[in-house]
Amino acid sequence: MSESNQPLRVTTACDQPIFLRGMVNVLQTIKGVQLVGEAQNGDDAFQLCKLTQPDLLLLDLKDALEARKIASAIHQECGQVRIILLHSCPDEDPGLEDLAAERLFVISRDVSEEEFKAAFDRVRREPLPPVLRVEAAPSDPSLPKSSRAGVSTLKSPTSSVVTAPARAGDLMARELYMAGKIQADILPEKAPVLSGWDISAELEPARETSGDFYDFIPLTQQKWGLVIADVSDKGMGAALFMALSSSLMRTYAARFPTLPSLTMSAVNERILTDTRGSMFVTAFFGILEQNTGRLIYTNAGHPPGYIIGNPHGKNPIQALRTTGMALGASETGRWTQKIVKLAPSDLLVLYTDGITEAANPDGVMFGEDRLLDLVLSNTHRSVTDIKHLLLEEVHTFVGGTPRQDDIALIVLRREA
57 MSESNQPLRV TTACDQPIFL RGMVNVLQTI KGVQLVGEAQ NGDDAFQLCK
107 LTQPDLLLLD LKDALEARKI ASAIHQECGQ VRIILLHSCP DEDPGLEDLA
157 AERLFVISRD VSEEEFKAAF DRVRREPLPP VLRVEAAPSD PSLPKSSRAG
207 VSTLKSPTSS VVTAPARAGD LMARELYMAG KIQADILPEK APVLSGWDIS
257 AELEPARETS GDFYDFIPLT QQKWGLVIAD VSDKGMGAAL FMALSSSLMR
307 TYAARFPTLP SLTMSAVNER ILTDTRGSMF VTAFFGILEQ NTGRLIYTNA
357 GHPPGYIIGN PHGKNPIQAL RTTGMALGAS ETGRWTQKIV KLAPSDLLVL
407 YTDGITEAAN PDGVMFGEDR LLDLVLSNTH RSVTDIKHLL LEEVHTFVGG
457 TPRQDDIALI VLRREA
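Going by the working numbering, the sequence shown opens with residue 57, and the numbers climb by one from there.
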């Protein structure tokens, strides 16, 4: 497409709903782009291109072979349409060589948003090449400068080169900033104020975000959903996965306001349907009855929550352990729900493993025993004080060792 005042007419096709929405959101931020259609599989993409005759198709299918076949069929049917194919491992797909005569641009799925936009802009301005690839910029400083630039092309004298717009370190910093922003935007601005309860919560991101989050979900009849969770991966991917998980938890908690086990099952099914890859999320989800102190909970592979009562009582600690596997790990996952009750003055402590797995310079982990000892010795303090004391104790314990994981923490008390 030559430069003109006419918008670039773009169709998108992706067989994973969360990534389709992400593609659409990114395209809507690019000036001069008119979105003319969305498809959720290859066949629909073919029909949509025949109908709309776009200038460009952005194609992202899990099956690389199907994606190549669809690209070839669209080029035969629709003439001059350009296709950007998102691919997980372009250098490991010899089938791309067979498309050397097609108007195909291949971009790695691992590129940052900035790299994608720069490549997209170059695609719309370049003469039609055989095949052009854009890959994520490696972060290994030992690589040659040409590799660190983030570009690899087919060995063809007519291949074009798209240059990544920034150094790998800059891109990583930007990615982590965006991941942190997504995380902060999703978290509640503050804990809810509930009659008869004192609640405090905090998230401390590490240098690399891991997708920890917590939430307080208002439900019916003075019930509140309490969520604390930890995504298995790091960076932007984890932040997006966290955003999806948080949204799904809210959606299904509202649908099943007394059945956390059904909420977990529904969220698990949607995660497996809407995402690709191997990420999963551990989560504790409880429905707190504000008036009675009853807590109906499920624990999806998450560290145990603890109800802590009178430290001088017979059994001051009650562990709320796992009742099922992590979300997104298996289609066969099942979750049971359990019921406990907080008596007046009881504490509930929910946390992510950034606390218990925080390690000191000798590699010793903070562990659950230190957590429980600190809380038991400070039950007379406010929940905010307990929260701050626990976080400070973790910081002191690790010393100068950089933390590798986020910390999320909820402390609440049923008031007498």
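Idealized CB from N, CA, C, for every residue including glycine.
Residue range of the unbroken beta strand (DSSP E) whose run includes residue i
i: G361; result: G361 to I364
i: F453; result: Counting along the chain, F453 falls outside any beta strand (DSSP E), though it belongs to the alpha helix (DSSP H) covering V439 to V454.
i: N324; result: Premise fails: N324 lies in the alpha helix (DSSP H), P316 to D330, not in any beta strand (DSSP E).
i: A174; result: Counting along the chain, A174 falls outside any beta strand (DSSP E), though it belongs to the alpha helix (DSSP H) covering E169 to R181.
i: A120; result: From DSSP, A120 is part of no beta strand (DSSP E) but of the alpha helix (DSSP H) over A120 to C134.
i: D271; result: F269 to P274
i: E258; result: W253 to E260
i: D116; result: L112 to D116
Residue i: first and last residue of the uninterrupted alpha helix (DSSP H) it sits in
i: C375; result: Per the sequence shown, residue 375 should be read as Ala rather than Cys. First-last for A375: I373 to L376, but that is the beta strand (DSSP E), not the alpha helix (DSSP H).
i: F336; result: It is not in any alpha helix (DSSP H) - F336 carries neither H nor E in the DSSP assignment.
i: Q90; result: No alpha helix (DSSP H) contains Q90, which is instead part of the beta strand (DSSP E) from V89 to A95.
i: Q106; result: Per the sequence shown, residue 106 should be read as Lys rather than Gln. Segment G98 to T108, the alpha helix (DSSP H) holding K106.
i: R426; result: G423 to L432
i: D409; result: D409 to T412
8 Å contact criterion, which residue i and residue j should meet: CB distance rounded
i: L318; j: Y407; result: Their Cβ separation, rounded to whole angstroms, is 25 Å, which puts L318 and Y407 out of contact at 8 Å.
i: L328; j: G384; result: 6 Å
i: A262; j: D71; result: Between D71 and A262 the Cβ distance is about 33 Å, and since that is not below 8 Å, they are no contact.
i: S438; j: W391; result: Their Cβ separation, rounded to whole angstroms, is 33 Å, which puts S438 and W391 out of contact at 8 Å.
i: V420; j: K443; result: No, V420 and K443 are not in contact; Cβ-Cβ is about 23 Å, not under 8 Å.
i: V66; j: L112; result: 5 Å
i: V287; j: S301; result: 7 Å
i: Q346; j: G252; result: 7 Å
i: G53; j: T412; result: Since the displayed the chain opens at 57 and closes at 472, residue 53 lies outside it and no answer follows.
i: L141; j: A127; result: 6 Å
i: S168; j: T440; result: Contact doesn't hold; Cβ gap of about 38 Å is too wide.
Residue burial classification, residue i (beta-carbon count within 10 angstroms, cutoff 16)
i: P313; result: buried
i: F269; result: buried
i: S198; result: Bear in mind that the predicted position of S198 carries a pLDDT of just 35, short of 50, making it too unreliable to give a figure here.
i: R326; result: buried
i: V218; result: Caution applies to V218, whose pLDDT of 34 falls short of 50 and renders its modelled position unreliable; the value that the coordinates give is listed next. Looking at its Cβ environment, which holds 16 or more other Cβ atoms inside 10 Å, V218 is buried.
i: A395; result: Inspection of the sequence shows that residue 395 is occupied by Ile rather than by Ala. I395 comes out exposed.
i: G456; result: exposed
i: G369; result: exposed
i: N61; result: exposed
i: S212; result: Low confidence applies here, because S212 scores a pLDDT of 28, under 50, leaving its location unreliable and the question unanswered by this model.
i: E133; result: exposed
i: A224; result: Unreliable placement is indicated for A224, whose pLDDT of 46 sits below 50; no coordinate value is reported for it.
i: E59; result: Legend: pLDDT at E59 = 47, less than 50; position of this residue unreliable, value from coordinates given subsequently. Exposed, since its Cβ has fewer than 16 Cβ neighbours within 10 Å.
i: A472; result: exposed
i: L104; result: buried
i: T452; result: exposed
i: D371; result: It should be noted that the sequence gives Asn, not Asp, for residue 371. Looking at its Cβ environment, which holds fewer than 16 other Cβ atoms inside 10 Å, N371 is exposed.
Spatially closest choice to residue i from the options, by CA coordinates
i: G365; options: A95, V323, D429 and A127; result: D429
i: I163; options: D116, R181 and I130; result: D116
i: K87; options: R180, S438, G78 and H131; result: R180
i: R470; options: D418, V405, T457 and L447; result: V405
i: M305; options: K290, A294, V80 and V323; result: V323
i: K279; options: S288, A309, T435 and Q109; result: A309
i: T331; options: K118, Q374 and N355; result: K118
i: D402; options: T379, V431 and S302; result: V431
i: D289; options: T68, R65, Q460 and L107; result: Q460
i: P110; options: I126, D166, I139 and G98; result: I139
i: L275; options: A294, S301 and P248; result: P248
i: A299; options: L427, I242 and K246; result: I242
i: Q136; options: L160, L121, M79 and D286; result: L160
i: P244; options: G78, S251, T307 and F272; result: F272
i: D418; options: P458, E448 and Q374; result: P458
i: L447; options: T354, G410, T435 and P359; result: G410
i: F176; options: A399, L114 and R426; result: L114
i: K281; options: N371, P372, T307 and L427; result: The amino acid occupying residue 281 in the given sequence is Gly; Lys does not appear at that position. If we check each option's Cα against that of G281, T307 comes out closest.
i: V283; options: K125, N355 and R426; result: N355
8 Å Cβ cutoff met for residue i and residue j
i: I352; j: P316; result: yes
i: G357; j: T388; result: no
i: L344; j: G361; result: no
i: L91; j: Q84; result: yes
i: K397; j: G349; result: yes
i: M335; j: A285; result: no
i: A120; j: A95; result: no
i: R165; j: H143; result: yes
i: G93; j: A123; result: no
i: F102; j: A129; result: yes
i: N416; j: V454; result: yes
i: P63; j: V89; result: yes
i: T379; j: Q393; result: yes
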